[in-house]
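Have a look at the structure below, then the notes.
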Amino acid sequence: MELEEKLAILADAAKYDVSCSSSGSRRRNTPGGTGNASWAGICHSWAADGRCISLLKILMTNACIYDCEYCVNRRSHDTPRAMLSVEEIVRVTMAFYRRNYIEGLFLSSGIIRSPDYTTELFLQVARTLRERERFNGYIHMKAIPGTDARLLEQLGRYADRMSVNMELPSERSLRLLAPQKSRQAILSPMKFIHDRLTEAEEEKRARRKPAPFVPAGQTTQLIVGASGESDRQILRLTEGLYRAVGLKRVYYSAYVPVIRGAHLPVIARPPLLRENRLYQADWLIRKYQFTAEELLPETAPDFDLELDPKACWALRHRELFPVEVNRAPYEMLLRVPGIGVQSAIRIVKLRRYGWLSADSLRRVGLVWKRARHFLTVKGRYYGGGPSLRNDLVSVKTQRAMREMSLFEGQV
Ligand code: SF4
Numbered sequence: 192m193e194l195e196e197k198l199a200i201l202a203d204a205a206k207y208d209v210s211c212s213s214s215g216s217r218r219r220n221t222p223g224g225t226g227n228a229s230w231a232g233i234c235h236s237w238a239a240d241g242r243c244i245s246l247l248k249i250l251m252t253n254a255c256i257y258d259c260e261y262c263v264n265r266r267s268h269d270t271p272r273a274m275l276s277v278e279e280i281v282r283v284t285m286a287f288y289r290r291n292y293i294e295g296l297f298l299s300s301g302i303i304r305s306p307d308y309t310t311e312l313f314l315q316v317a318r319t320l321r322e323r324e325r326f327n328g329y330i331h332m333k334a335i336p337g338t339d340a341r342l343l344e345q346l347g348r349y350a351d352r353m354s355v356n357m358e359l360p361s362e363r364s365l366r367l368l369a370p371q372k373s374r375q376a377i378l379s380p381m382k383f384i385h386d387r388l389t390e391a392e393e394e395k396r397a398r399r400k401p402a403p404f405v406p407a408g409q410t411t412q413l414i415v416g417a418s419g420e421s422d423r424q425i426l427r428l429t430e431g432l433y434r435a436v437g438l439k440r441v442y443y444s445a446y447v448p449v450i451r452g453a454h455l456p457v458i459a460r461p462p463l464l465r466e467n468r469l470y471q472a473d474w475l476i477r478k479y480q481f482t483a484e485e486l487l488p489e490t491a492p493d494f495d496l497e498l499d500p501k502a503c504w505a506l507r508h509r510e511l512f513p514v515e516v517n518r519a520p521y522e523m524l525l526r527v528p529g530i531g532v533q534s535a536i537r538i539v540k541l542r543r544y545g546w547l548s549a550d551s552l553r554r555v556g557l558v559w560k561r562a563r564h565f566l567t568v569k570g571r572y573y574g575g576g577p578s579l580r581n582d583l584v585s586v587k588t589q590r591a592m593r594e595m596s597l598f599e600g601q602v
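Numbered per my numbering, the sequence shown finishes at 602, counting up by one with no gaps.
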């Protein structure tokens, strides 16, 4: 098979993995070396269905000894197979880099022979790129559940980021849809990476230089909608993973019904709006100090697809509003729909010079149409009335529609 043909198959097979993001790594070029990695990271684009696609985001092979029911690469799926050799991956990466097509490599793979064998091939790619080619660009590698910790340790010396895909949110779903995987086998490499990163932090605190190990941390991916878990279950798992193994990001991938399976739901389209709500809630947990329990209590275990999670929370807690914008603590301003981190910081800064009026508020960048329902300004309330839900719904719905139409026609 020609290289181009292999690349077409393997790049296409990689598009369902969304756990790629290059932010968080800085690697300088060295004299005589090639490339660098910056905070801005890998160039990526968006597929028609809204998925992030790196320009060199490939699988080493789409052949796999496992048979996960939701996966196009599963052993029992009748699809053309291809495999790139270590040299081919290195050659393509360097050629694309030199032509400025890419800023790094995101390499995943089906499992060949065993997790250890597959990881040894990853290791050869990473080592060849870094040591022989002196490649200083960004490298994101998969950590395959079941891989020996010594191999992960070696791979981590060369990779900027690693990801272990959780894929399914519960042990029960794993048993049903990915019987060769187990929760324990997935959590174990996550924990190993976390422990190594913690050790590196301790070394730094003791003013010693730690051995290089995945400086951009680890991520994971969860498939949304292939199994029956509620949004609450998914979000609580996310929160637990951030806490327990210090993930940089959890990526959500709306289940795409490209193949049939006895245990898979029959749906016409991927649940993209649900995926979007999860990203919003995830952001609120990481940046706005919300908890999963607050966003999705037991009584409301799934997102309202018309309203964003913060607006839903605010509507459930009308007793806390309106807050006076000139007095409310920063943490409370962050909870007002329509006020983001930047506008909350600006409000707090401007308050030092005097009381803010409704006019000056509009200049701090908040979304007045939404925020006015939850604020008083110098004691005056500008919101209420029958437009409350409409103001919240229409803005979010319009934005979602705009985003959906933006995705269409790209890449
Ligand atoms: S192990 Fe990965 S590549 Fe193999 S079938 Fe499962 S999800 Fe697909």
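For each residue, glycine too, the CB sits at the ideal point set by N, CA and C.
Taking all protein chains shown into account, do 16 or more other C-beta atoms lie within 10 angstroms of the C-beta of residue i, making it buried, or fewer, making it exposed?
{"i": "glutamate 294", "result": "buried"}
{"i": "valine 447", "result": "buried"}
{"i": "glycine 600", "result": "Residue confidence is low: glycine 600 scores 37 on pLDDT, short of 50, so the model does not pin down where it sits. No coordinate-derived value is stated."}
{"i": "alanine 472", "result": "buried"}
{"i": "asparagine 581", "result": "exposed"}
{"i": "alanine 483", "result": "buried"}
Give the straight-line distance between the Cα atoms of residue i and residue j, rounded to the nearest whole angstrom.
{"i": "asparagine 264", "j": "cysteine 255", "result": "6 Å"}
{"i": "alanine 350", "j": "phenylalanine 313", "result": "10 Å"}
{"i": "tyrosine 292", "j": "arginine 282", "result": "14 Å"}
{"i": "serine 214", "j": "glycine 576", "result": "Note that serine 214 scores a pLDDT of 46, beneath 50, so its modelled location is shaky and nothing firm can be said."}
{"i": "arginine 553", "j": "tryptophan 559", "result": "6 Å"}
{"i": "alanine 562", "j": "tryptophan 546", "result": "17 Å"}
{"i": "histidine 508", "j": "alanine 502", "result": "10 Å"}
{"i": "alanine 391", "j": "leucine 346", "result": "16 Å"}
{"i": "leucine 198", "j": "glycine 224", "result": "26 Å"}
{"i": "tyrosine 288", "j": "threonine 252", "result": "21 Å"}
{"i": "tryptophan 474", "j": "alanine 491", "result": "19 Å"}
{"i": "valine 514", "j": "glutamate 497", "result": "24 Å"}
{"i": "cysteine 262", "j": "isoleucine 450", "result": "8 Å"}
{"i": "isoleucine 530", "j": "glycine 437", "result": "27 Å"}
{"i": "glutamate 195", "j": "lysine 400", "result": "42 Å"}
{"i": "methionine 523", "j": "glycine 416", "result": "33 Å"}
{"i": "glutamate 324", "j": "arginine 518", "result": "58 Å"}
{"i": "proline 336", "j": "leucine 359", "result": "13 Å"}
{"i": "tyrosine 207", "j": "isoleucine 476", "result": "25 Å"}
{"i": "alanine 369", "j": "isoleucine 302", "result": "13 Å"}
{"i": "phenylalanine 565", "j": "phenylalanine 512", "result": "5 Å"}
{"i": "aspartate 339", "j": "alanine 376", "result": "11 Å"}
{"i": "methionine 192", "j": "arginine 396", "result": "51 Å"}
Would you mind reading off the limits of the alpha helix (DSSP H) that contains residue i?
{"i": "alanine 472", "result": "463 to 478"}
{"i": "threonine 389", "result": "374 to 396"}
{"i": "leucine 368", "result": "362 to 368"}
{"i": "isoleucine 200", "result": "194 to 205"}
{"i": "lysine 501", "result": "500 to 507"}
{"i": "isoleucine 538", "result": "532 to 541"}
{"i": "leucine 486", "result": "483 to 486"}
Residue j and residue i - do their beta-carbons sit closer together than 7 Å?
{"i": "leucine 426", "j": "leucine 487", "result": "yes"}
{"i": "leucine 541", "j": "tyrosine 479", "result": "no"}
{"i": "serine 354", "j": "threonine 309", "result": "no"}
{"i": "histidine 331", "j": "phenylalanine 383", "result": "no"}
{"i": "valine 555", "j": "valine 516", "result": "no"}
Note the first and the last residue of the continuous beta strand (DSSP E) segment covering residue i.
{"i": "leucine 275", "result": "Element bounds for leucine 275: n/a, residue is neither H nor E."}
{"i": "valine 415", "result": "409 to 415"}
{"i": "leucine 250", "result": "248 to 250"}
Examine ligand 3 and report whether any of its heavy atoms sits within less than 6 Å of the Cβ of residue i.
{"i": "glycine 301", "result": "Ligand 3 is absent from the structure shown, which contains only ligand 1."}
_Segments of 3+ residues assigned as beta strand (DSSP E) that fall wholly inside the segment 290 to 353_ = 295 to 299, 329 to 333
_Unbroken stretches of the beta strand (DSSP E), 3 residues or longer, contained in the segment 424 to 459_ = 440 to 445
_Minimum length 3: unbroken beta strand (DSSP E) runs contained in the segment 543 to 576_ = 566 to 568
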